[in-house]
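Counting from 1, position 171 in the sequence shown corresponds to residue 211 in the working numbering; the numbering is continuous, with no gaps. Every residue, glycine too, gets a C-beta built ideally from N, C-alpha and C. Working notes for the structure below.
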Amino acid sequence: MAQQVMQIGGISFACVVRGSGRPLVLVHGFPFDHTMWQAQIETLSAVCCVIAPDLRGFGGSGLSDADVADGVEMRRYAADIKAVLDELQISEPAILCGFSMGGYVLWQFVLEYPECVAAIVLCDTRADADSAEGQQARLQMAENVMRNGIDAVPGAMIPKLLAAETIANRQEIVDQVEVMIRKSSPEGIAAAQRGMGKRPDVREHLGEMNWPAMVVVGAEDAISSPAEMREIAEALPAAEYVEIEAAGHMTPLENPGAVSDALLRFVQSL
Ligand code: MLT
Numbered sequence: 041m042a043q044q045v046m047q048i049g050g051i052s053f054a055c056v057v058r059g060s061g062r063p064l065v066l067v068h069g070f071p072f073d074h075t076m077w078q079a080q081i082e083t084l085s086a087v088c089c090v091i092a093p094d095l096r097g098f099g100g101s102g103l104s105d106a107d108v109a110d111g112v113e114m115r116r117y118a119a120d121i122k123a124v125l126d127e128l129q130i131s132e133p134a135i136l137c138g139f140s141m142g143g144y145v146l147w148q149f150v151l152e153y154p155e156c157v158a159a160i161v162l163c164d165t166r167a168d169a170d171s172a173e174g175q176q177a178r179l180q181m182a183e184n185v186m187r188n189g190i191d192a193v194p195g196a197m198i199p200k201l202l203a204a205e206t207i208a209n210r211q212e213i214v215d216q217v218e219v220m221i222r223k224s225s226p227e228g229i230a231a232a233q234r235g236m237g238k239r240p241d242v243r244e245h246l247g248e249m250n251w252p253a254m255v256v257v258g259a260e261d262a263i264s265s266p267a268e269m270r271e272i273a274e275a276l277p278a279a280e281y282v283e284i285e286a287a288g289h290m291t292p293l294e295n296p297g298a299v300s301d302a303l304l305r306f307v308q309s310l
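This is the structure:
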């Protein structure tokens, strides 16, 4: 899928821009890139201008020396998305859809740039911060990948990312996720892990997020559980809750049709 490459925030930044109409930004999770949204880009670009960036350090987007040294905080990724909208001269408020780490980025985007937001979609994500133990595990992965490379990452992550049924019976999805993870660099993974560990708890702000919202979660999600996502939906003033069957955490890949249909219906309802 053709990407535009722009110079923003001191790096070379790659982004798919496809279709016309209302801007819809699809923000990928960790450690992936825009290709996790392939099915949704195909469907939604028929009715929207879909903008699917590679966050800095992933896919075709670079990292600065400071990112490698300090990690990338969620508000830095959010600032890059704002810079992309500016670069594309998009002044119309956008529909933001964030998956997992992309959801953490979305929270920071809506808090920093509320005037740029028309509606929000939270997909398999969380609103709280990490526990001390969770932060420690992230720092450990960051150190491990910088020392030993990323070979251990797919084996450590795939059992949590995919439903047991997907792992047992849908090898093509397991392979697709592994290929995406293996495209990531140690630097990109380490920088994101350091940044995610520092992300704030945004639960106190959910009640102020008055935009039309949809909360999407895989019925078997082991990372951001349906119970946790339902709490987010209940805390948001105007959210619809959608549970996706036959999916773990990676709903856009495990049940792409259901996620695309939910997004299409949501966008057309606005
Ligand atoms: C993701 O899918 O983006 C990650 O599971 C997020 C995380 O590590 O918290």
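Subject >> Exposure of residue 250, with buried meaning 16 or more beta-carbon neighbours within 10 Å >> reply: Per the 10 Å Cβ criterion, exposed.
Original post:
Regarding residue 289 and ligand 1, is the C-beta to nearest heavy atom distance less than 7 Å?
Top reply: Yes, Cβ of residue 289 sits closer than 7 Å to a heavy atom of ligand 1.
**OP:** Would you kindly check if the distance between the Cβ of residue 46 and the Cβ of residue 127 is under 8 Å?
**Re:** Yes. Within cutoff.
Subject >> C-alpha gap between residue 61 and residue 196, whole angstroms >> reply: Spanning the two alpha carbons is a distance of roughly 40 Å.
Subject >> Neighbourhood of residue 241 by C-beta distance below 6 Å, restricted to the same chain and skipping five residues each side >> reply: Counting only Cβ-Cβ distances below 6 Å, and skipping sequence neighbours, we find 168 and 169.
Original post:
Nearest to residue 42 by CA position, among 50, 94 and 187, is which residue?
Top reply: If we check each option's Cα against that of residue 42, 94 comes out closest.
Original post:
If you draw a straight line from the C-alpha of residue 134 to the C-alpha of residue 306, how long is it?
Top reply: Approximately 13 Å between the Cα atoms of the pair.
Original post:
Which whole-angstrom value is the C-beta distance of residue 193 and residue 71, which I expect to be below 8 Å?
Top reply: About 7 Å separates the Cβ atoms of residue 193 and residue 71, confirming a contact at the 8 Å cut-off.
**OP:** Starting from the C-beta of residue 77, find all residues in its chain whose C-beta is less than 7 Å away, skip the five residues before and the five after it, and write them out in chain order.
**Re:** Same-chain partners within the cutoff: 66, 68, 92 and 292.
Subject >> Residues near residue 369 in its chain [Cβ-Cβ closer than 7 Å; skip 5 each side] >> reply: Residue 369 lies beyond the range of the chain shown here (41 to 310); nothing can be said about it.
Original post:
residue 196 by DSSP, collapsed to three states: which one?
Top reply: Collapsing the DSSP output to three states places residue 196 in a helix.
Subject >> As assigned by DSSP and simplified to three states, the class of residue 399 >> reply: Only positions 41 to 310 of the chain appear in the structure, and residue 399 is not among them; the question remains open.
**OP:** Please confirm whether any heavy atom of ligand 1 lies closer than 7 Å to the CB of residue 221.
**Re:** No.
Subject >> Cβ-heavy atom distance, residue 70 to ligand 1, below 7 Å >> reply: Short note on residue 70: C-beta closer than 7 Å to some heavy atom of ligand 1.
**OP:** Give the single residue among 174, 229, 153 and 146 whose Cα lies nearest to the Cα of residue 188.
**Re:** That would be 229, whose Cα lies nearest to the Cα of residue 188.
Subject >> CA nearest to the CA of residue 137, picked from 149, 231, 148 and 161 >> reply: Of the listed residues, the one whose Cα sits closest to residue 137 is 161.
Subject >> Range of the contiguous alpha helix (DSSP H) that encloses residue 144 >> reply: Counting along the chain, the alpha helix (DSSP H) containing residue 144 begins and ends at 141-152.
Original post:
Apart from the five residues on each side of it in sequence, which residues of its chain come closer than 7 Å, Cβ to Cβ, to residue 247?
Top reply: Leaving aside the five residues that flank residue 247 on each side, the residues in its chain whose CB is nearer than 7 Å to its CB run, in chain order, 275 and 277.
Original post:
How about residue 140: is its Cβ closer than 7 Å to a heavy atom in ligand 1?
Top reply: Residue 140 has its Cβ nearer than 7 Å to a heavy atom of ligand 1.
Original post:
Can the beta-carbon of residue 123 be found closer than 8 Å to that of residue 152?
Top reply: For residue 123 and residue 152, no; Cβs fall outside 8 Å.
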